[in-house]
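Here is the structure we will look at, set down as structure tokens.
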DNA sequence: GCCATAATTTAGCCTGTCCTAATTTAATAC
DNA sequence: GTATTAAATTAGGACAGGCTAAATTATGGC
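Chains as they are written, first to last, in UniProt numbering: chain A, 1 to 234; chain B, 1 to 234.
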């Protein structure tokens, strides 16, 4: 039996938290992300452990098993293929793809996944610039990126990822031209981390909170993974 | 809150049974179609009644309310749009579209539905020849069709619908050229209802069980709804 | 009209997923 | 080292959706 949406969402969340801070991940961090009560997550984690999708130490935290990671990465592949498809073939606006993909990722078949990948010619990155795991379900490499908030005045960088966050922010960023593949220059870093960028010869100010979820690569170490047209084939 | 897949599937089944035999529909007919125990369906029907999606008389049967019918028709629209899309844009083989659409129909948003319809240019029929309900969610008209099993030797008819049934049968029928829009002639009706057809100058024998789920229109009363290219725009 | 049978509901139980409130454990301050 | 506090678990309850077995109702034959 394939895992339920609740199980898959929990695995996906643990995966992301492990990427950000390393294992073990705490119960309340998971609960916060999923917007569920802690006690609900505790009982879900018990079931995950029964199914050998995670290992855990009570009061310490949880960690994905290989089996659990594979499930998480497959869901991630679904999510990113769907986002790419929605944007490229159904003309979805950038900021709406996340919500739709978040639901559908749990319900598409292997067949659907294959045909999606084929139709898209095995894309390597989704519309936010995030890497799409391959058919082998190896976890994608971490890119050599830093948050925009860590840049200094004068830096010339390429926007590499604009992570999923709320729709309004994404719509605004797309509107002013801040999308993966765009080259920008840091014009100013003001108090409280407010950053001013030169985007296509126009200045745009970005508050620090938003800047932390935008990843960039220095123009010196640009590789194929951050070329402007980042949808290569396999 | 939008209805769960279980609720939607039950409404869809009642809708189909009402079309076939008229209300009220019996509990065990629903249970058979859904492959659930009768007692399970009884408790689901109680919940449907609480939500005013059906009316029912214990031991007599159930009937959709306007509200219930609208939900059923919307799910039907999702199903048929998805089938059309899978076949036309993702290159799904005819016989696989049903299963995938049956899952996804419960999980797509209104936005997805709109973009699907737009991309397909508001198709009126799905790949099986079934009518696709419009945005207004009016139940589609019943076509002036009869089952292939009711034809007589010498009749010239157009295949109008080949209803969803098991994948192997559909694959076989597609293989021998029996798909919506094809004109055929009845060559022979043998004992036990075995029917022989002339399809593109080749004879094909179809057992009665299969022939009952194939609908045809006489070549005399062909209207736009059964033209060979049946995907018109609105 | 009564009886056998088929259809249906009721009773009772289970699991998954959710919650709040109470308790326990771990970590931190001092 | 103890006291406070934060994190996590346990206790207990709700509801949806599933089941089997037992009881009930309707129906068709005669």
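Cβ atoms here follow ideal geometry from the backbone N, Cα and C, with glycine treated the same way.
- Judged by their CB atoms, residue 36 of chain A and residue 52 of chain A are not nearer to each other than the 7 Å cut-off.
- Under the three-state reduction of DSSP, residue 182 of chain B is assigned to coil, being neither helix nor strand.
- Put simply, the stretch 63-82 of chain A does not touch the stretch 39-47 of chain A. Fewer than three CB pairs are less than 8 Å apart.
- Cβ-Cβ separation between residue 140 of chain B and residue 133 of chain B: approximately 5 Å, consistent with a contact (criterion under 8 Å).
- In this structure, the straight-line span from the alpha carbon of residue 211 of chain A to that of residue 147 of chain A is close to 7 Å.
- Contact between residue 93 of chain B and residue 61 of chain B is absent: CB atoms are separated by about 38 Å, not below the 8 Å threshold.
- For the pair of segments examined, the stretch 176-188 of chain A was found not to touch the stretch 2-13 of chain B: the number of CB pairs separated by less than 8 Å stays below three.
- For residue 88 of chain A, the enclosing alpha helix (DSSP H) begins and ends at 66-89.
- In the assembly as shown, residue 59 of chain B is an exposed residue. Its beta-carbon has fewer than 16 other beta-carbons within 10 Å.
- Per DSSP, the unbroken beta strand (DSSP E) holding residue 198 of chain B starts and ends at 195-199.
- In this structure, the beta-carbon distance from residue 105 of chain A to residue 79 of chain A falls below 7 Å.
- Annotation: Cβ neighbours of residue 119 of chain A in chain B (cutoff 7 Å, chain order): 90.
- Looking from the CA of residue 2 of chain B, the closest CA among B:38, B:107, B:50 belongs to B:107.
- Secondary structure at residue 51 of chain A: coil, using DSSP grouped into helix, strand and coil.
- In the DSSP annotation of this structure, the continuous segment of the beta strand (DSSP E) that includes residue 218 of chain B starts and ends at 214-218.
- Looking at the DSSP output, residue 39 of chain B sits in no beta bridge, so it has no partner there.
- Straight through space, the alpha carbons of residue 85 of chain B and residue 102 of chain B are spaced by roughly 13 Å.
- For residue 205 of chain A, the enclosing beta strand (DSSP E) has its first and last residue at 202-206.
- Here residue 206 of chain B has 195 as same chain residues with Cβ atoms under 6 Å from its own Cβ, once five neighbours each way along the sequence are excluded.
- Bounds of the alpha helix (DSSP H) holding residue 7 of chain A are 5-21.
- For the stretch 9-37 of chain A, the set of residues with a beta-carbon nearer than 9 Å to any beta-carbon of chain B is empty.
- Residue 193 of chain B is positioned such that its CB atom lies no closer than 7 Å to that of residue 163 of chain B.
- Distance from the CA atom of residue 109 of chain A to the CA atom of residue 100 of chain B, rounded to whole angstroms, is 7 Å.
- Identification of residues in the stretch 104-129 of chain A having a C-beta nearer than 9 Å to some C-beta of chain B yields 104, 106, 107, 108, 109, 111, 112, 115, 116, 118, 119, given in sequence order.
- Taken in chain order, the complete alpha helix (DSSP H) segments of 4 residues or longer contained in the stretch 90-137 of chain A are 97-104, 110-119.
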